[in-house]
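A.B. asks: The structure's right below; bear with me while I get my questions together.
Structural data, given as structure tokens:
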């Protein structure tokens with residue numbers, strides 16, 4: 220979503236796989252982006268597919284990945300570790 224609207228929505232039956240993700244990115248998300256748009260994704264292996272990054276880059280969007288999961292960024296995890 221952007222701060223103005225939700226972009227590129229799609230419903231998928233079943234679980235997400237690389238082909239399903241490419242199907243979403245190319246005809247659904249990419250057309251709703253613009254030069255200078257920023258796409259932030261987590262480290263789900265399907266997101267890291269080079270074709271996905273290329274598709275989004277062709278419309279001028281920048282792609283960034285969140286850092287790997289770390290308990291340093293999740294204070295609740297530290298709490299549960301101490302509690303255990």
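Numbering (the working numbering), first residue to last: 220 to 303.
Glycine included, C-beta positions come from ideal geometry on N, C-alpha and C.
Let me make sure I understand the geometry here. Which of 243, 287 and 277 has the alpha-carbon closest to that of residue 261?
C.D. replies: Selected option, being the one with the closest Cα: 287.
A.B. asks: Taking the beta strand (DSSP E) that residue 225 belongs to, which residues open and close that run?
C.D. replies: Premise fails: residue 225 is in no beta strand (DSSP E) and is neither H nor E.
A.B. asks: Just checking: is the beta-carbon of residue 297 within a distance shorter than 8 Å of some beta-carbon in chain B?
C.D. replies: Absent from the structure is chain B; it holds one protein chain and no more.
A.B. asks: Given a threshold of 16 other Cβ atoms within 10 Å of its Cβ, counted over all protein chains shown, does residue 224 qualify as buried or as exposed?
C.D. replies: Classification of residue 224: exposed, given that the 10 Å Cβ count is below 16.
A.B. asks: Between the Cα of residue 186 and the Cα atoms of 257, 233 and 252, which residue gives the shortest distance?
C.D. replies: The question about residue 186 has no answer, for the chain in this structure spans 220 to 303.
A.B. asks: Between which two residues does the alpha helix (DSSP H) holding residue 298 run?
C.D. replies: Where residue 298 is concerned, the enclosing alpha helix (DSSP H) stretches over 294–302.
A.B. asks: Where residue 265 and residue 294 are concerned, what is the direct C-alpha to C-alpha distance, given to the nearest angstrom?
C.D. replies: Roughly 27 Å between the two C-alpha positions.
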